[in-house]
Each structure stands twice: as C-alpha cells, then as structure tokens.
Amino acid sequence: MPELPEEHAVTIEALMDEQRKFTPSEEFKSQANINSQSIYAEGDDYVSFWDGQAANISWRTPWTQTLDWSNAPFAKWFVDAKLNVTESCLDRHLEKNGDKVAYYFEGEPGDSRVITYSDLYKEVNQLANGLESLGIQKGDRIAIYMGMIPELPIALLASARLGATHSVVFGGFSSDSLRDRINDAEAKILITCDESWRNGNRVALKEYADAAIEETPTITNVVVVARTGAKVNMVDGRDIFYHDLVADQSTEKAATETDSEDPLFILYTSGTTARPKGIQHATGGYLVGAAYTHKNVFDVKEDDVYWCTADIGWVTGHTYIVYGPLANGCTSVIYEGVPNFPDKDRFWEIIAKYKVNQFYTAPTAIRTFMKWGTEYPAKHDLSSLKVIGTVGEPINPEAWIWYNENIGNGTCPIVDTWWQTETGHIMISPLPGVTTTKPGSATVPLPGIGADIVDDEGNSVPLGGGGYLVLTHPWPGMLRTIYRDPERFKDVYWGRFSKPEENKWVYFAGDGAKRDTDGYYWLLGRVDDVMNISGHRISTLEVESALVDHQSVAEAAVVGRADATTGQAIAAFVTLKGNVVGNDDLLAELREHVATKIGKIARPASIVFTDELPKTRSGKIMRRLLRDISEQRKLGDVTTLANADVVREIADRANSAA
Ligand code: WTA
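See the structure below:
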C-alpha cells in the first residue's frame with residue numbers, strides 16, 4: 032500500500048465494512064438500454080467498441096482510422112473525420128423532433144421558458160451570425176462568464192457552430208480569475224450578463240467582467256445578456272447587448288466544418304500549482320463519449336425529462352447539460368439558482384413540476400438535504416424518478432442510503448459516477464440496468480474504459496488493496512493537451528507511471544482508490560495538493576498564493592480538512608509580517624481577500640495565525656501535519672521537524688479557534 036494520507040486509512044476501514052448491495056430490479060433491467068454484462072466484454076477491444084459508438088453522432092466525412100496513438104500521449108480519435116458538433120446536437124433533430132423540448136428553463140425568481148429544438152437551433156444560429164459579425168472565425172477563443180440562463184448553452188453552441196473554441200469561466204469566480212483565464216486563452220470576445228440571480232440576490236457579473244477587461248488586451252467586444260435588466264455600464268464600440276446583436280440576424284447559419292481533432296473547448300481547472308490549467312478538449316471523440324455515457328449511464332429514453340443540477344461553468348454542465356443530452360435529443364431541465372430559494376424544497380418542486388426522470392447532483396448537495404430534513408422531499412411527488420446520480424466527490428454510504436430512500440424511493444438505481452474535467456465524460460460508474468451497486472463505491476470502469484490501481488512503482492495492486500487510480504488506455508473524450516503547455520500535460524498526467532521506452536502510457540488521475548475483492552473501486556479523494564470543496568477543485572497553492580498576496584501576510588499554508596457537508600473545507604495557517612497583529616478584523620479581511628483573488632468558493636473556512644509554520648529540516652511545509660491538526664487527530668512523530676515546538680502552539684490555537 033503506497034503512502035496515502037492518513038485519513039484515507041480511516042475512510043478505507045469504514046468503507047470496507049460496507050456490506051450492503053443493491054441489485055437492479057427485473058422490471059428496471061428489462062427496460063434498460065443496456066441490460067447484459069456482455070457489454071463489458073465488447074468494451075475489451077476498446078478501439079472497435081468506440082468505433083461502433085461513433086455511429087450515434089453525425090459526421091460529414093468518416094474517419095480513416097479510429098485511434099492514432101502513435102504520438103502518445105497525444106491522441107487522435109476518428110482521424111481525418113469532419114463534423115460540426117452542433118449538427119449532432121441540433122440540425123439532425125429538427126425533422127422529427129423540432130417541436131420537442133430541448134430545455135425547460137426554470138429561473139430562480141420563478142420565471143420559466145420552454146425552448147424546443149427548433150427554437151434552440153434558431154437562437155444558436157442568430158448568435159453565431161452575430162458573433163461572426165463581430166469578427167469571430169474558426170479557431171478563435173470565446174470567453175463565457177454567465178449565470179445559468181438559456182443563453183449560456185446557446186453561447187457554447189454558437190461558438191461551436193463557428194468552429195471557435197469556448198472557454199467558460201464559472202460565474203462564481205472573481206474578476207482576477209476571469210482576467211487570468213481570458214489572458215491565458217487570448218480570447219477575442221467575452222459573453223456575459225448584466226447580473227445573475229443567486230439566493231434571491233443579484234450578482235453583478237458585468238461589473239466583475241468590466242474589472243477583468245481592464246487588463247485583457249485581446250478582448251475586442253463584450254456581449255451582454257440582459258438577465259435582470261439592471262442598468263449596467265456599456266462601453267461604446269466595445270459592449271453590445273445580446274438582444275441587439277441577434278435582433279436582425281438570420282436564424283440560419285451554415286455550420287463551419289471542423290476536424291474531429293479541432294479544439295471544441297478549454298476549461299480551466301486547478302492542479303498542484305497556483306496556476307490553473309487550461310484543459311483542452313477535442314471535437315469528435317468528446318461528443319462520442321458524451322453521448323454514449325449520457326444515454327447509458329442515465330438510461331435515458333426518448334420521452335424522458337432529465338435534470339443535471341451542475342453549473343455549466345464546470346465540466347459536468349458542459350458534458351451532461353449541453354453536449355451529451357443534446358446529442359441524444361433529450362429534454363433537460365436547466366435551473367438557475369440555489370436549492371433553498373425560496374425554500375428548501377425547490378429541487379423537489381422542480382422534479383414534480385417537470386416530472387423529471389433522471390436526476391444528477393453532487394454528494395455535498397445530498398448531505399445538505401440530509402441536514403435540512405426529509406420533510407422537504409416528502410412534500411412533493413418524486414415518483415417520476417427512474418435513475419438518480421452523483422458526481423464530484425466520494426459519496427459516503429450514509430448519504431447514499433439517504434438518497435436512495437428519500438429521493439429514489441428505494442427503487443431508482445443510483446449511479447455514482449467518477450470522472451474529471453480531464454476525462455471529458457464519465458469513466459467509472461454503474462450501468463443502472465446491469466450493475467449491482469454498493470453504497471460508497473463508483474463500482475467498475477464503463478465498457479471501453481481501462482482503469483487500474485497501482486502502487487508507488489506503478490505495479491498493479493491485487494484486488495483488496497489500495498493505491499493510485501490510473502487509466503490504462505486512451506478513451507475518446509480524453510483531454511488532448513493543456514492549452515499552450517504540452518510539456519506540462521505530459522508531465523502531470525503521463526509522467527508518473529508511464530514507461531515511454533516500452534511504449535506503455537498510463538494516465539495518473541491524482542486520486543487514491545481501493546479495489547475490493549469483487550473488483551469494485553472505492554474512491555478516496557485526491558492524493559495531491561488539490562482540495563475538493565463541495566465538489567469544486569481548488570489547489571492549496573492557489574489559496575496560499577492569494578493569501579501571501581495580502582500585504583500583511585508573510586507566509587501561508589493551506590490544507591483541506593474533512594467537513595461533514597462540503598467534503599473538505601479550507602483551513603489556512605498564516606504567519607504575519609513584522610509587527611502586524613492578527614485579530615478578527617484581519618481574519619475577515621484575509622478571507623475576503625481570497626474571495627476577491629479567486630472567488631467565494633475559495634474563501635477559507637478557518638484561518639489560524641501562527642508565528643511559524645511547521646517545516647522539515649529541508650524547509651518543506653508539513654501540510655500533512657497541519658491536516659492532522661485541523662482534523663484534531665493525534666499527532667504522530669514530529670521529531671523530524673526543524674521547529675517541533677511550534678506544532679503544539681498551532682494545535683492549541685487551532686483547537687481554540689474550532
Ligand atoms: C473527484 C468533476 C469520488 C475526484 C466531474 C476527481 C470523485 C475530481 C467522483 C474531478 C466520484 C469526481 N467519486 N470522487 N464519483 N467524481 N470526483 O475535474 O477527486 O471538477 O479527481 O470533475 O473530483 O473533479 P472535476
């Protein structure tokens with residue numbers, strides 16, 4: 032067993048005691064899209080398996096080769112094939128399903144919109160024409176910074192229609208984060224909105240965008256959706272309202288032909304350094320993977336209504352609100368706001384209103400619902416639900432069981448789906464009509480996906496053991512590179528366990544996992560410096576550098592400590608400069624400083640001031656020890672520390688702060 036952080040040992044023990052099993056009912060099985068184990072054997076020849084799945088999307092020109100792995104780890108899927116993803120997502124549905132609902136939009140204040148495939152097609156084309164009139168061409172980057180309104184998926188699709196590359200920045204990120212992402216991608220246009228609704232409050236997105244744009248030389252225009260109708264600053268010649276831009280545009284726009292390997296989008300995510308990585312996804316393979324997994328993991332049928340509660344600012348929204356569902360011609364719900372506005376039953380009200388059949392959310396949300404109590408879901412008719420899913424972090428068995436009983440009524444298969452921004456689509460997950468589930472386990476890799484658990488040397492760990500989760504062969508939705516940083520791509524994901532001299536390429540996911548004797552995977556969390564706060568990835572270094580950026584801070588160390596609701600919470604330890612005094616005001620100021628630098632999601636839950644940070648003799652901060660302190664674990668041997676007595680002092684302060 033490699034050296035996993037100590038808290039994992041505790042988690043493993045708790046999980047391995049989990050004996051409950053849930054087998055899909057005969058009734059569910061008999062109607063499922065996939066109901067035979069034999070699909071896994073088909074997936075063993077993964078290249079031909081994915082070759083077969085590619086028939087489910089529209090291509091203009093077929094491929095000459097399914098996978099070209101000759102320049103590994105740089106993959107090419109569906110070589111030489113031509114397509115435009117919007118033809119799969121829109122055009123091909125028009126004839127039979129033009130009047131079918133693509134999106135039921137539910138605004139937080141209670142307004143709603145019904146958007147058919149034909150409406151969506153027209154709006155996407157109008158915006159594509161508008162963007163083209165502003166100079167967007169194939170290959171240009173478009174930054175998108177919006178709330179969860181229909182114009183958000185429309186913006187992604189309009190970008191794709193033109194063969195441009197979108198880079199969505201989550202609306203909860205700060206001006207600085209937006210600015211850095213725009214500059215890294217050298218985006219030409221920013222699409223944003225005046226304000227967004229969140230928990231009954233207005234979030235001034237245009238204002239944040241304006242601050243960002245002051246330092247983004249590549250942006251020539253800003254397109255502004257009027258969501259709340261607030262009066263916002265519009266810069267002459269630069270800013271244009273969305274409704275003005277599309278007003279006179281044609282509802283037809285020939286899609287630009289793209290190569291299967293042309294970039295579809297960049298999405299920034301946190302790694303182990305302070306600088307987020309621009310994860311670059313390609314076109315053809317991504318859509319094949321998105322469509323296959325959406326259809327089969329959620330067992331979606333022609334007339335189903337499906338709802339993924341993620342924000343389109345994250346990869347889950349890209350793949351499972353936009354590309355997967357639309358490629359499958361599915362009807363989805365998009366909800367703008369928080370689950371407790373106006374009251375704590377909003378989600379359940381929406382499920383009842385639209386008779387949602389598949390519901391996909393995050394463990395942190397489920398744990399919050401548990402805290403709120405069963406009376407909220409009990410008030411509504413949830414009997415339309417057939418499959419319920421989770422994503423983003425490990426789900427503890429207790430939350431799984433609660434979800435099963437109170438939302439799934441004990442009859443809906445639960446799909447606990449493991450994947451990453453980098454993988455593009457779901458990788459490890461039950462197939463609801465096939466897999467016997469165990470609460471807390473994402474079960475087994477999907478057909479066509481290769482995974483393993485390895486030790487420090489990269490050797491496969493026998494069943495029953497734990498180690499690092501790796502992916503053993505390419506898959507269609509895999510990231511192609513880190514934007515403008517291919518060396519980092521090779522190093523971060525393929526550097527650790529691959530053996531290039533033997534032409535053996537192994538993808539390191541950054542997660543620890545254990546595999547039980549049935550071969551089921553139990554995810555244990557990150558093994559690197561990435562924290563997972565409510566399912567959002569934030570690097571410890573990102574928060575540390577935001578803290579050190581403050582004039583009063585000399586040094587900072589940040590760890591993710593276990594939290595019953597958010598999975599992890601950010602715990603910071605800070606040493607102050609010279610004669611600065613650490614008091615409650617400064618504490619609040621530092622928390623706000625991080626929110627301004629990165630975004631509210633990165634605001635530390637706790638900050639402890641200390642005269643020194645515990646360091647090894649070589650000067651490395653002992654983050655592990657700080658995590659033990661934050662989680663009030665018994666401290667192990669500290670004799671290797673350069674400054675052993677500092678530990679007691681920090682522990683005392685942390686305890687009194689808790
Ligand atoms: C974690 C979100 C356990 C994991 C799609 C991964 C999970 C990171 C699960 C990716 C799951 C995601 N069980 N852990 N079902 N799903 N994770 O890039 O640590 O935002 O590496 O993608 O979330 O987060 P990302």
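Under our numbering, the first residue of the sequence shown carries the number 32, and numbering increases by one thereafter. A virtual CB, placed ideally from N, CA and C, is assigned to each residue, including glycine.
My parser needs the beta strand (DSSP E) runs of 3 or more residues fully inside the segment 410-461; what are they?
Counting only runs of 3 or more, we get 418-422 and 445-448.
Taking the Cβ atom as the reference point for each residue, do THR196 and GLY170 lie within a distance shorter than 8 Å?
Yes, Cβ-Cβ distance for THR196 and GLY170 is below 8 Å.
Would THR249 pass as a contact of LYS219 if the rule is Cβ separation under 8 Å?
It is a contact, given that the beta carbons lie within the stated cut-off.
Go through the residues and name those whose CB comes closer than 7 Å to any heavy atom of the ligand WTA, in chain order.
Going by the Cβ distance cut-off, the answer is THR300, TRP345, VAL346, THR347, THR421, VAL422, GLY423, GLU424, PRO425, ILE426, ASP447, THR448, TRP449, TRP450, GLN451, THR452, GLU453, ALA473, ALA540, GLY541, ASP542, LEU554, GLY556, ARG557, ASN563, GLY566, HIS567 and ARG568.
Return the first residue and the last residue of the beta strand (DSSP E) that VAL590 is part of.
584-594 is the span of the beta strand (DSSP E), which, as asked, contains VAL590.
So, under 8 Å CB-CB, ASN13 and THR405 are touching, yes? Tell me the CB distance rounded to an integer number of Å.
Only positions 32 to 689 of the chain appear in the structure, and residue 13 is not among them; the question remains open.
Answer yes or no: do ARG212 and TYR299 have a C-beta to C-beta separation smaller than 8 Å?
The answer is yes: Cβ separation under 8 Å.
Could you tell me which residues DSSP puts in a beta bridge with TRP100?
For TRP100, which the question treats as bridged, DSSP gives no partner whatsoever.
Since HIS197 is in the beta strand (DSSP E), which residue starts that stretch and which ends it?
Counting along the chain, the beta strand (DSSP E) containing HIS197 begins and ends at 196-199.
Would you kindly work out how many angstroms separate the C-alpha atoms of ASN327 and GLN389, rounded to a whole number?
Using only the alpha carbons, I get a separation of about 12 Å.
Could you spell out where the beta strand (DSSP E) holding PHE59 opens and where it closes?
Looking at the DSSP string, PHE59 is not in any beta strand (DSSP E); the run it does join, the alpha helix (DSSP H), is 57-62.
Can you name, in chain order, every residue of its own chain whose Cβ lies under 7 Å from the Cβ of TYR71, other than the five neighbours on each side?
Correct list, in chain order: PRO478.
Since ARG23 and ALA240 should fall inside the 8 Å C-beta cutoff, what is the C-beta to C-beta distance between them, to a whole number of angstroms?
Here the chain comprises residues numbered 32 to 689, so residue 23 is not present and cannot be evaluated.
Along the beta strand (DSSP E) that carries GLY543, what are the first and last residues, could you check?
Run containing GLY543: 538-546, per the beta strand (DSSP E) assignment.
Could you check if ASN435 is buried or exposed, using at least 16 other CB atoms within 10 Å of its CB as the buried criterion?
Flag for ASN435 reads buried.
Excluding the 5 residues preceding and the 5 following THR548 in the sequence, name in chain order all residues of the same chain whose CB lies nearer than 7 Å to its CB.
Excluding positions up to five away in sequence, the list reads LEU494 and GLY495.
If we count the other Cβ atoms within 10 Å of its Cβ and call it buried at 16 or more, is GLU367 buried or exposed?
By the 10 Å Cβ count, GLU367 comes out buried.
Per DSSP, which residues does LEU114 bridge with? Please list them.
THR289.
Thinking C-alpha only, which one of ILE382, VAL346 and ILE65 is nearest VAL135?
It is worth fixing the name first, because residue 135 is Tyr in this sequence and not Val. The option with the nearest alpha carbon to TYR135 is ILE382.
Within the chosen definition, does the segment 317-326 reach the segment 515-533 through at least 3 CB pairs nearer than 8 Å?
No: the two stretches stay apart, fewer than three of their Cβ pairs being nearer than 8 Å.
Determine the direct distance from the alpha carbon of VAL677 to that of ALA588, and round the result to whole angstroms.
Cα to Cα, the separation comes out at about 14 Å.
Tell me where the alpha helix (DSSP H) around GLY315 begins and ends.
Element bounds for GLY315: 315-328.
Given 8 Å as the limit, is there contact between the segment 128-142 and the segment 354-371, that is, 3 or more CB pairs closer than that?
With the cut-off at 8 Å, the segment 128-142 and the segment 354-371 touch.
Determine the extent of the alpha helix (DSSP H) in which PRO184 is found, giving its start and end residues.
PRO184 -> alpha helix (DSSP H) spans 182-192.
Inspect the beta-carbon positions of GLN599 and ALA540 and report whether they are closer than 8 Å.
Contact flag unset, no.
Could you tell me whether the segment 573-593 touches the segment 498-512, using the rule of 3 or more Cβ pairs below 8 Å?
Cβ pair count under 8 Å is below three, so no.
Going residue by residue through the segment 595-642, where are the continuous alpha helix (DSSP H) segments of at least 4 residues, counting only ones entirely within it?
Runs found: 615-628.
When the Cα atoms are used, what is the spatial distance from ALA595 to TRP379?
ALA595 and TRP379: Cα-Cα distance of roughly 23 Å.
Where DSSP assigns a beta bridge to GLY309, which residues make up the other side?
Answer by DSSP bridge pairing, in chain order: TYR299.
Between the segment 440-447 and the segment 409-428, can you find at least three pairs of beta-carbon atoms closer than 8 Å?
Yes, they touch.
Please classify GLY268: is it buried, with 16 or more other beta-carbons within 10 angstroms of its beta-carbon, or exposed?
The residue is exposed, with fewer than 16 neighbouring Cβ atoms inside 10 Å.
To which residues of the same chain is GLY439 closer than 7 Å at the C-beta, ignoring the five residues directly before and after it?
Excluding positions up to five away in sequence, the list reads LEU416, ILE419 and ILE445.
Out of curiosity, what's the CA-to-CA distance linking VAL41 and PRO181?
Its pLDDT being 48, under 50, VAL41 is placed unreliably in this model, and the value from its coordinates should be taken loosely. Going from the Cα of VAL41 to the Cα of PRO181 covers about 44 Å.
Pull up the distance between the alpha-carbon of ASP691 and that of GLU643, whole angstroms please.
Because the chain here runs from 32 to 689, residue 691 falls outside it and cannot be looked at.
With DSSP as the reference, identify every bridge partner of HIS567, one or two as the case may be.
According to DSSP, which records beta bridges pairwise, HIS567 is partnered with ILE564.
For GLN157, is the classification buried or exposed, using 16 other Cβ atoms within 10 angstroms of its Cβ as the cut-off for buried?
Counting Cβ neighbours within 10 Å, GLN157 comes out buried, since at least 16 surround it.
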